[in-house]
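Residue numbers (the numbering used here): 871 to 1295. The C-beta atom is built at its ideal place from N, Cα and C for all residues, glycine as well. Comments concern the structure below.
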């Protein structure tokens, strides 16, 4: 134990003295250090403004210690499972039991199956980064554990595997215009050839100035205002103004943020598939509004995100149980929303498979035409008049066409979960 306490304290000395835990708190959790674990860092853990202890991140566990347990630490010990409580002064949570690490309004929350540990990390960005890095490792450790995969995060869900390399990005597919008639008028004016625009504008201006002089100037001002309000620059400014909530949601790294990001990415990839612009999917494109579905997922994700924000940091005392119940309910709502993102992902995967089938069908049809030529040449050059092997090629073409029809029907059935209402707070 003395050797473990010495190793932990040496790691704590690497921290600035203003962010270093007390030596007594470090020694209190030394008994919970598993033998052979590598110490990644020792930090001062703060549960409230006046309550702090020691936190050690090792290669196998998270260790918490407080030499003189106060209310916050006593509550942590009470909610923890017996295997995590090493003594009245130490708590050890294996990394495999960490289901998720999420940002809160005041720091970071570490989620296990039994409790949520809220830590204040606003003044310690290094600790916040170290804790958030645990979230991805926890997901990797849960892959081989089917029992744990059905806990806080369903890792078998498709949306949980859709992490883009450039970071989560949430963007709406449709943007509201300033006014329907105003935007339509601006678009109609821009569709007129440039020479016609100049001729019409100058003609109207000269005519109005000739008969009713002030009205011509007013017409010119209104025309310039119309072009300014409906131009590409104005539309882009409105789009950037509307992306504020989506950007904040993408940076939260909560379940609903990853669900919305997965839905956006899946639909963008679907639009890039060659099969989506194929005539074979004309009916599907007419019956399925993917842009609207993505916007609906984003709207529900924003509602869940706003509810989390209103919850705030985890309170102390009896209110903590109510807070955890509400947080769990929000996680469940976000997971149900993930079913709609999963439907979009399956739709995209089927579109990719259909692209491959259509490419194969085009090749087979080309071979069918060449097989007719080969068959004619075989008949012309053979003595017995044997035919070329046209039947196998025709059979392959028929089989591929049947596969294409089945895929189109399957894509229609896949959209069924999108029509199911998802309850959100």
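query                                                                                                      : result
From 1093, 1129, 1041, 897, residue whose alpha carbon lies closest to that of residue 1115                : 1041
Candidates 1066, 901, 978, 970: closest to residue 878 by CA position                                      : 901
CA nearest to the CA of residue 1191, picked from 1166, 1001, 985, 1030                                    : 985
Backbone CA spacing between residue 943 and residue 1154 [nearest angstrom]                                : 57 Å
Pair within 8 Å by beta-carbon distance, residue 935 and residue 954                                       : no
Status (buried if at least 16 other CB within 10 Å, exposed otherwise) for residue 1175                    : buried
Meets three-Cβ-pair contact criterion under 8 Å: the segment 1160-1174 and the segment 1137-1152           : yes
Neighbour-count burial assignment, residue 1156, 16 or more Cβ in a 10 Å radius                            : exposed
Inter-residue spacing [alpha-carbon to alpha-carbon] between residue 971 and residue 978                   : 7 Å
Neighbour-count burial assignment, residue 925, 16 or more Cβ in a 10 Å radius                             : buried
Rounded straight-line distance, which links the Cα of residue 975 to that of residue 990                   : 9 Å
Range of the contiguous alpha helix (DSSP H) that encloses residue 944                                     : 941-949
Nearest candidate by alpha-carbon position, reference residue 1186, set 909, 917, 893                      : 917
Per-residue DSSP class, three states only, for residue 964                                                 : strand
Stretch-stretch touch, CB-based, cutoff 8 Å, three pairs: the segment 1067-1085 with the segment 1201-1218 : no
DSSP-derived helix/strand/coil call for residue 1226                                                       : helix
Identity of the residue in 1061, 1003, 1118, 1151 nearest residue 853 by Cα                                : Since the first and last residues shown for the chain are 871 and 1295, residue 853 lies out of range.
Opposing strand residues paired with residue 970 [DSSP bridges]                                            : 981
Buried/exposed call for residue 882, threshold 16 Cβ in 10 Å                                               : buried
Cβ pair residue 1207, residue 1172 closer than 8 Å                                                         : no
Length of the line joining the Cα atoms of residue 894 and residue 888                                     : 16 Å
Span of the alpha helix (DSSP H) around residue 1062                                                       : No alpha helix (DSSP H) holds residue 1062; DSSP gives it neither H nor E.
Pick from 897, 1276, 1209, 1069 that is closest to residue 1150, judged by C-alpha positions               : 1276
Interface flag, residue 1083 vs chain D, CB-CB below 8 Å                                                   : Of the chains in the structure shown, none is chain D; there is only one protein chain.
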